[in-house]
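>
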Amino acid sequence: MQQTSSDQSSLFPRVHWAIAIGVSSAIIMAAGTMYYTQSQSTSTSPSLVETATQPTKVNALGRLEPQGEVIQVSEPSGQGGAYRIDELWAKVGDRVNAGQIIAILDSRDRLQSELGEAQEQVKVAQARLNQVKAGAQQGEIAAQQATIARLEAQLNGEMETQRATIARFEAELQNADVEYQRHRDLHQNGAISASVLDSKSLVLKTAQQRVNEARAALDRTIQTLQQQIQESKATLGQIAEVRPTDIAAAQAEVNRAIAATARAQAQLNHAFIRAPKAGRILRIHTHIGEAVGPEGIVELGNTEQMYAVAEVYEGDIGKVRVGQAAIVTADSIKEPLHGTVEQLGWTIAKQDVLNSDPTATTDARIVEVKIRLDKASSGRVAQLTNLQVAVEIRQ
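Just add 1139 to the spot in the sequence shown (first one is 1) and you have the numbering used here.
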């Protein structure tokens, strides 16, 4: 029994040592495993971060514009300041159709008168042609003489009427001049303001213009009727003889009169300013009474479909493709706009839209990319043409 007790007492220390060694080994193995796992995780992190930071979008500044860009509608002659607006038939925000009249120039009345004269010349030439073809008949000479008498009476009547009109306008001009001189003296003495003097000056100029127009109308009337009288007298001397050459000459006169009428009609059409295409009036540059300047009369654009024109840096243009989705934002737009890349520009240009970042490059070279906004986005920004926006093109 004593031997057994001594054996048990010697066994306990060995068991304790074995347990201690086993626990230590487990701890060492666990620590090694954790270290290996952390080292593997650390070695793979850079590639994951690098993949996550690869660029997935292209950012650019841009502007909003309607489909087909903004059109400046002006008078057809291209002579800025030559004509004034007599009537304006549209206002900002109006929707107009292609060919719809937008404005009428102050040349309309004069051109209408010239067209009427040209049409009368056609009638005279046609009548002469008919007469030449028919030859001399009983009563033709008397009829031609009656025509001459009628034209002479018409000339005298027109001259009397228009001279009376000129006299009335000259009296108004004289009164306007007296008023202007009197108000000029008052203005020099400080009794009235410059605006009052300007109004009197405008009245004086208007009166002078009336006199000039009336005199010009009288001259045109005299010239037209005298020419008709001369032609009628010439016809009177030739109606007794009918020759093929006479018929050809009369026909040429008719053709020439018809061509003159066509030219007069074309000139009259130019006095009516029409919309070149359907769209909305974005801005009015010239109002009633103002001369048409180089900026035109109105700005027109198809705001039913809006576009964002992004100025993409030339280094990023290779990442942009037609059909890519784009998001457009601006400080004045609460929610982003959505669209699709529709067209890439064909030339390199300098940046037009200025960046608010003072460190940004101001002479950057860019390519314009047109982004067609969807219907909902177009409706929200139809009134924001030329708004500066930020564009994000998704790759």
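Note that the Cβ used here is the ideal one computed from N, Cα and C, for glycine as well. Please read these numbers as outputs of a predicted model, since none were measured by experiment.
From what residue to what residue does the alpha helix (DSSP H) around residue 1102 run?
Residue 1102 lies beyond the range of the chain shown here (1140 to 1534); nothing can be said about it.
> Would you give the residue range spanned by the alpha helix (DSSP H) that residue 1342 belongs to?
1333-1375
> By how many angstroms is the C-alpha of residue 1248 removed from the C-alpha of residue 1306?
Approximately 21 Å between the Cα atoms of the pair.
> Along the beta strand (DSSP E) that carries residue 1529, what are the first and last residues, could you check?
Judged by DSSP secondary structure, residue 1529 falls within the beta strand (DSSP E) whose first and last residues are 1527-1533.
> By a C-beta neighbour count over all protein chains shown, 10 Å radius and 16 as the cutoff for buried, is residue 1435 buried or exposed?
buried
> How would you call residue 1346, buried or exposed, if buried means at least 16 neighbouring beta carbons within 10 angstroms?
buried
> Below 8 Å on the Cβ atoms is my guess for residue 1506 versus residue 1212; work out the distance and round it to an integer in Å.
Contact doesn't hold; Cβ gap of about 29 Å is too wide.
> Given this structure, state the Cα-to-Cα distance separating residue 1200 from residue 1487, to the nearest angstrom.
15 Å
> In angstroms, rounded to a whole number, what distance separates the CA positions of residue 1355 and residue 1202?
51 Å
> Report yes or no: do the segment 1515-1534 and the segment 1443-1450 share at least 3 C-beta pairs separated by less than 8 Å?
yes
> Using only the alpha-carbon positions, how far apart do residue 1341 and residue 1348 sit?
Those two C-alpha atoms are separated by around 10 Å.
> For the segment 1261-1270 against the segment 1395-1405, are there 3 or more C-beta pairs whose distance is under 8 Å?
yes
> Count the CB pairs spanning the segment 1507-1515 and the segment 1470-1487 that are closer than 8 Å, and state whether there are at least three.
yes
> Taking the continuous beta strand (DSSP E) assigned at residue 1225, which residues delimit it?
1224-1227
> Buried or exposed: which applies to residue 1418, given that a residue is buried once 16 or more other Cβ atoms fall within 10 Å of its Cβ?
buried
> Using a Cβ-Cβ distance under 8 Å, would residue 1506 count as near chain C?
In the structure shown, chain C does not exist; there is a single protein chain.
> Residue 1260 by DSSP, collapsed to three states: which one?
helix
> Can you tell me which residues form a DSSP beta bridge with residue 1509?
Answer is 1448 and 1482.
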